[in-house]
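Here is the structure we will look at, set down as structure tokens.
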Amino acid sequence: MAASFDYGFTLPNGTKIMHGDGVMVKDAYPPELNIPGQLHVFSPGHKTDPATPAFCGPHGIFAFDVNLRMPRHVHMAPKASGYGNRYIVEKILVLNGVALAELSGDTYVIPPNTMVVIGAGVPHTWTACPPGLDLQALGVSKDEKIVSEGKFTAVYEYEEPTAFFPTAQTNVLKEESEYVKCNDLQGIKIPAFTLEQLRRDALFVWGRGARRLGD
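Under my numbering, think of the first position of the sequence shown as 53, with each following residue one higher.
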């Protein structure tokens with residue numbers, strides 16, 4: 053059942069995004085039990101789909117507002133061989149609120165109830181969308197009224213235990229040797245965008261795609 057469902061969409065950099073009709077929605081209980089409740093399934097899991105990473109790293113909640121602007125970074129963990137590091141996947145569930153994510157240099161507006169599985173080696177950074185961005189008025193969220201409030205809650209999980217590797221690079225990194233550390237953390241923070249900048253330049257995630265306004 054889970055294996056036959058087509059989950060989300062994949063960006064050219066390898067990041068996978070699940071939202072809307074890219075998420076499996078099913079009843080939590082058999083109809084004959086007459087117990088309400090629905091499950092929103094973002095992934096079938098590694099055992100059903102080996103392409104889905106098995107997540108074994110830290111898992112928690114991170115509350116964002118517009119003052120929390122992350123420096124751009126990647127994540128690495130030791131290779132199984134014990135020699136060197138490999139880039140690993142990070143999973144972010146935007147639980148509520150509207151998020152901004154920079155992925156390989158492009159800025160995405162992420163609506164609530166969206167799972168973002170950041171591809172290995174993809175430089176990324178996050179902040180909250182400034183208040184007042186009306187996704188319905190922009191023709192993004194259709195019949196659903198969503199207006200950013202300047203905050204969101206992220207549920208995060210790492211593929212492996214890892215650390216923070218800051219970088220000014222925006223290209224996808226394949227080998228550890230390609231990584232260049234940046235010590236200017238202030239200089240690589242995600243910008244404090246205005247609403248006009250987002251309307252003009254950002255990619256808006258909805259359903260099975262991401263598009264710029266007017267595309």
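All C-beta atoms, glycine included, are put in the ideal place defined by N, C-alpha and C.
Discussion item. Tell me the rounded alpha-carbon separation between ALA106 and ILE140.
Written reply: C-alpha separation (whole angstroms): 11 Å.
Worksheet entry | Cβ-Cβ separation, VAL150 to ILE162 (assumed contact under 8 Å), whole Å | 7 Å
Discussion item. Considering Cα atoms alone, identify which of GLY112, GLY184, MET70 is closest to PRO197.
Written reply: Checking the displayed sequence, the identity of residue 197 turns out to be Lys instead of Pro. It is GLY184 whose Cα lies nearest to the Cα of LYS197.
Item to complete: Just the C-alpha distance for TYR210 and GLY112, rounded to the nearest angstrom, thanks.
Response: For TYR210 and GLY112, the gap between their C-alpha atoms comes out near 10 Å.
Item to complete: Determine the closest residue to CYS192 out of HIS71, ASN65, ASN223, LYS99, with distance taken between C-alpha atoms.
Response: Going by the sequence as given, residue 192 is Val instead of Cys. Nearest C-alpha to VAL192: HIS71.
Practice prompt. Go through its chain and collect everything with a Cβ distance to LEU187's Cβ below 6 Å, but skip five positions before and after it.
Written response: Result list for LEU187: SER193, ILE198, in chain order.
Fill in: Cβ pair count under 8 Å reaching 3, the segment 125-134 against the segment 69-84
Of all C-beta pairs linking the segment 125-134 to the segment 69-84, fewer than three are shorter than 8 Å, placing the two stretches out of contact.
Worksheet item: What residues are listed by DSSP as bridge partners for TYR160?
Response: ALA153, LEU255
Worksheet item: So what's LEU225 in DSSP terms, helix, strand or just coil?
Response: coil
Practice prompt. Could you name the residues of the same chain whose beta carbon sits closer than 7 Å to that of TYR81, not counting the 5 residues immediately before and after it, in chain order?
Written response: ILE87, GLY89
Worksheet item: Do PRO182 and VAL118 have their CB atoms nearer than 7 Å?
Response: Note that the C-beta distance between PRO182 and VAL118 is below 7 Å.
Worksheet item: Would you call the CB atoms of ALA262 and LEU255 closer than 7 Å?
Response: Closer than 7 Å, so yes.
Item to complete: Quick one: grab the DSSP three-state call for GLY239.
Response: helix
Discussion item. On the CB-based measure, 16 or more other CB atoms within 10 Å of its CB, does ARG264 come out buried or exposed?
Written reply: Exposure of ARG264 is indicated by the presence of fewer than 16 other C-beta atoms within 10 angstroms of its C-beta.
Practice prompt. With DSSP collapsed to three states, give me the class of PRO110.
Written response: coil
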